[in-house]
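Asks:
Residue numbers (my numbering): 1491 to 1740.
1) For the candidate residues 1592, 1497, 1600, 1609, whose alpha-carbon lies nearest to that of residue 1635?
2) Check for me: the alpha helix (DSSP H) holding residue 1499 runs from which residue to which?
3) Along the chain, where does the alpha helix (DSSP H) containing residue 1621 start, and where does it finish?
4) When burial is assigned at 16 or more other CB atoms within 10 Å of the CB, is residue 1727 buried or exposed?
5) May I ask you to report which of helix, strand or coil DSSP gives residue 1582?
6) Of the choices 1649, 1647, 1709, 1560, whose alpha-carbon is the least far from that of residue 1676?
7) By Cβ distance, which residues of its chain are closer than 7 Å to residue 1782, with the 5 residues on each side in sequence left out?
8) Starting from residue 1551, trace the alpha helix (DSSP H) in both directions and tell me its first and last residue.
9) Under three-state DSSP, which class holds residue 1543?
10) Assuming contact is defined by CB atoms lying nearer than 8 Å, are residue 1455 and residue 1560 in contact in what I supplied?
11) Go ahead and pull the three-state DSSP assignment for residue 1666.
12) Have a look at 1492, 1720, 1547 and flag the residue whose alpha-carbon is nearest the alpha-carbon of residue 1520.
13) So, are the CB atoms of residue 1607 and residue 1585 less than 8 Å apart?
14) Helix, strand or coil for residue 1710 per DSSP?
15) For a quick check, are the C-beta atoms of residue 1688 and residue 1657 less than 8 Å apart?
16) Since I believe residue 1531 is in contact with residue 1524 (beta carbons under 8 Å), could you give me their beta-carbon distance rounded to a whole number of angstroms?
17) Under the three-state reduction of DSSP, which class applies to residue 1726: helix, strand or coil?
18) Take residue 1736 and list the residues in its own chain whose beta-carbon comes closer than 6 Å to its own, dropping the five residues that flank it on each side.
19) Out of curiosity, what's the CA-to-CA distance linking residue 1566 and residue 1697?
20) Between which residues of its own chain and residue 1660 is the CB-CB distance below 6 Å, once the five residues before and five after are set aside?
21) Can you tell me whether DSSP reads residue 1656 as helix, strand or coil?
22) Give me the Cα-Cα distance between residue 1624 and residue 1668, rounded to the nearest whole angstrom.
23) Out of 1678, 1685, 1723, state which residue places its alpha-carbon closest to the alpha-carbon of residue 1704.
24) Using the C-alpha atoms, what's the distance from residue 1527 back to residue 1545?
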């Protein structure tokens, strides 16, 4: 039969389109398409085995299918293989293998893969340590909107890591991540406003960002916002509120 038709039939059965939803039935059709080398089906079958959906969880079988798909440039499988090898998830941890696969997804401009490859270069994991190459990939992920990467890029500018130190550029990237709700970036942005680093010192703006991070459970921000309530900096002095945040941070 036609592999694409088999794959689409699997999708319809999985999602209950025109029929009752049936994961096992879906896997049967996905497997037929995958056996014919249909790349998207190979990726999906890998995911079914990896998650243990409608079949016994089997990392080795998942890896087999992910490798078939990733070898043809399919990025979600390549990223899955990165996570499996980087974290030793059901296999022996192997950063060189992780780097090999994540590069496929990074070359396809998948932001999480770009950031992952950048982090491997920055830390010399599975590749030779290379701060410039690492930052190149972190920058790509940042420009593609990934908040974790934007935060990392901001910190690189703040600390002069592989780039010339530039506090204004640091604030720009940390702000982008903070505005996307990334708690660590919100905490750092609050600290930058509090100290007046790269921005005009502003206690109220510091409190605003520290509070956002604190509400997401960032312990550093919880302690910092507690201190602002205790001293009445940027917020109305409030010992009860200070105690509440110190308790959370403790």
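C-beta: ideal position from N, C-alpha, C; glycine also.
Replies: In brief:
1) Of the candidates 1592, 1497, 1600, 1609, the one whose C-alpha sits nearest the C-alpha of residue 1635 is 1600.
2) It spans 1493-1505 - the alpha helix (DSSP H) in which residue 1499 sits, taken as one unbroken run.
3) Unbroken alpha helix (DSSP H) run through residue 1621: 1621-1633.
4) When all chains shown are included, residue 1727 counts as exposed.
5) Residue 1582 falls in the coil class under three-state DSSP.
6) Considering only alpha carbons, the answer is 1709.
7) Since the first residue of the chain shown is 1491 and the last is 1740, residue 1782 is not available in this structure.
8) Its alpha helix (DSSP H) spans residues 1549-1560.
9) In the three-state reduction of the DSSP assignment, residue 1543 falls in the coil class.
10) The structure shown does not extend to residue 1455, since the chain is modelled only from 1491 to 1740, so the question has no answer here.
11) Note: residue 1666 maps to helix in three-state DSSP.
12) The shortest C-alpha separation from residue 1520 is found at 1492.
13) Between residue 1607 and residue 1585, the gap from beta carbon to beta carbon reaches 8 Å or more.
14) Correct three-state label for residue 1710: helix.
15) In contact: residue 1688 and residue 1657 (Cβ atoms closer than 8 Å).
16) With 8 Å as the limit, residue 1524 and residue 1531 qualify as a contact, their Cβ atoms being about 4 Å apart.
17) Residue 1726 carries a coil assignment under DSSP once its states are collapsed to helix, strand and coil.
18) So the qualifying residues of the chain are 1716.
19) One C-alpha to the other measures close to 39 Å.
20) Counting only Cβ-Cβ distances below 6 Å, and skipping sequence neighbours, we find 1644, 1647, 1648, 1688.
21) It is coil, neither helix nor strand.
22) The alpha-carbon atoms of residue 1624 and residue 1668 are separated by roughly 22 Å.
23) Comparing Cα positions, the closest option is 1678.
24) In a straight line, the C-alpha of residue 1545 is about 20 Å away from that of residue 1527.
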